[in-house]
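*Asks:* Here it is, the structure in full.
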Amino acid sequence: MGDFTGDGLLDIVIANAHNNNVSVLVNNGDGTFAPHQEFAVGSAPVGVAVGDFTGDGKLDIVATNSNSNNATVLLQSPLVVQVNTIHAAVNTPFTGPVATISGASSVNDTIATINWGDGFTSPGTLTTNPDGTLTVSGSHTYMQPGTFLLTVTATEGANMGQRTGQAIVQVNTIQATANVFENTNIQHVFSLATVGATQHLIARQWNATTGW
Ligand SMILES: [Ca+2]
Ligand SMILES: [Ca+2]
């Protein structure tokens, strides 16, 4: 037995000598266990032991194989945080994915924190991808341009590991373009006729728009 999922609940591991594999049954916490998952080992495993062989806080398994006279070590996938390259403009809200977490046992037991690198930290929103990885999304508005170190920290269940990923964020000043055009609908706002002269002063209205 051992807590393979880091939720504080003991799970079960069994050696299946006739099937050349071991089964892991994850504790649901209500007296039941999730459907067993099989992992292939050597020939005729007769014993299993658990321990964290990699020092990442996640329990691993070793099985002794009687027919093949050897042992098989099964390592849990390590927790990995891969931070995306994101682009942000100053004073403009950024919302979207910032990182991908792999090796997390469950979205329910995983927490992500986003340090935006400008003194602000916010919790990340986690969604599960079809391949089992988790996407970390967040929202933030940078108040000044510059280069910032974006840090995403993922934490699994209380007994599990914590990993951090970092990426540089370049926050640019918004490039504004100004277009000035003559409002052709109101060309003649007023005209001043000088008595005795042939010239007319014509004032026109000009409008300006700014594109961000
Ligand atoms: Ca567990
Ligand atoms: Ca481990």
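Last residue of the sequence shown: 361 (my numbering), numbering continuous.
Note that CB positions come from ideal geometry on N, CA and C, so glycine has one too.
Quantities reported herein were computed from a predicted structural model and do not represent experimental measurements.
Quick check on residue 188: buried or exposed, where buried means 16 or more other Cβ atoms within 10 Å of its Cβ?
*Replies:* Mapped onto the sequence shown, residue 188 falls at position 39. Exposed: under 16 other Cβ atoms inside 10 Å.
*Asks:* Just checking my contact of residue 276 with residue 270 at CB under 8 Å: how many whole Å lie between their CB atoms?
*Replies:* On the sequence shown, position 127 is the one that residue 276 refers to. On the sequence shown, position 121 is the one that residue 270 refers to. With a Cβ gap of about 20 Å, residue 276 and residue 270 do not count as contacting.
*Asks:* May I have a chain-ordered list of the beta strand (DSSP E) segments no shorter than 3 residues that lie completely inside the region 171-245?
*Replies:* With a minimum length of 3 residues, the continuous beta strand (DSSP E) runs that stay inside the region 171-245 are 186-189, 194-200, 209-214, 219-223, 229-232 and 236-238.
*Asks:* Using the rule of at least 16 other Cβ atoms within 10 Å of the residue's Cβ for burial, across every protein chain shown, is residue 186 buried or exposed?
*Replies:* As a working mapping, residue 186 is identified with position 37 in the sequence shown. Under this definition residue 186 is an exposed residue.
*Asks:* Helix, strand or coil: which one does DSSP assign to residue 257?
*Replies:* Position 108 of the sequence shown, counted from the first residue, corresponds to residue 257. Note: residue 257 maps to helix in three-state DSSP.
*Asks:* CA-CA distance, residue 177 and residue 273?
*Replies:* Sequence index remark: in the sequence shown, residue 177 carries index 28 (1-based). Sequence index remark: in the sequence shown, residue 273 carries index 124 (1-based). So the two alpha carbons sit approximately 26 Å from each other.
*Asks:* With DSSP run on the structure shown, which of helix, strand or coil describes residue 248?
*Replies:* Counted from its first residue, the sequence shown places residue 248 at position 99. Strand, per DSSP.
*Asks:* Taking only heavy atoms of ligand 2 into account, decide whether any of them is closer than 6 Å to the Cβ of residue 209.
*Replies:* Taking the sequence shown and counting its residues from 1, one reaches residue 209 at position 60. Flag set: Cβ of residue 209 near ligand 2.
*Asks:* Could you check if residue 156 belongs to the surroundings of ligand 1, using beta carbon to heavy atom distance under 6 Å?
*Replies:* Numbered from 1 along the sequence shown, position 7 holds the residue referred to as residue 156. Yes, since a heavy atom of ligand 1 falls inside the 6 Å radius drawn around the Cβ of residue 156.
*Asks:* Label residue 183 either buried or exposed according to how many other C-beta atoms from any shown protein chain fall within 10 Å of its C-beta, with 16 as the threshold for buried.
*Replies:* Locating residue 183 in the sequence shown gives position 34, counting from the first residue. With fewer than 16 Cβ atoms within 10 Å of its Cβ, residue 183 is classed as exposed.
*Asks:* If you compare alpha carbons, which of 214, 247 and 212 is closest to residue 314?
*Replies:* Counting from one through the sequence shown, the residue named residue 314 turns up at place 165. For residue 314, the nearest C-alpha among the options comes from 247.
*Asks:* One question on the structure: do residue 260 and residue 287 come within less than 7 Å of each other, judged by their Cβ atoms?
*Replies:* Translated into positions along the sequence shown, residue 260 becomes position 111. Translated into positions along the sequence shown, residue 287 becomes position 138. Against a cut-off of 7 Å, the Cβ pair of residue 287 and residue 260 comes out as no contact.
*Asks:* Closer than 6 Å by C-beta to residue 128: which residues in its own chain qualify, once you throw out the five before and the five after it? Chain order, please.
*Replies:* Nothing in the structure corresponds to residue 128, since the chain is present only between 150 and 361.
*Asks:* Tell me the rounded alpha-carbon separation between residue 238 and residue 302.
*Replies:* The count along the sequence shown starts at 1 and reaches residue 238 at position 89. The count along the sequence shown starts at 1 and reaches residue 302 at position 153. Roughly 23 Å between the two C-alpha positions.
*Asks:* Using a Cβ-Cβ cutoff of less than 7 Å, which residues in the same chain neighbour residue 298 once the five nearest sequence positions on both sides are dropped?
*Replies:* As a first step, residue 298 is located in the sequence shown; it is residue number 149 there, counting from the start. 266, 315 and 317, listed in sequence order.
*Asks:* Please name the residue, chosen from 256, 198 and 164, that lies closest to residue 154 on a Cα-to-Cα basis.
*Replies:* The count along the sequence shown starts at 1 and reaches residue 154 at position 5. Checked all of 256, 198 and 164; the closest Cα to residue 154 is 256.
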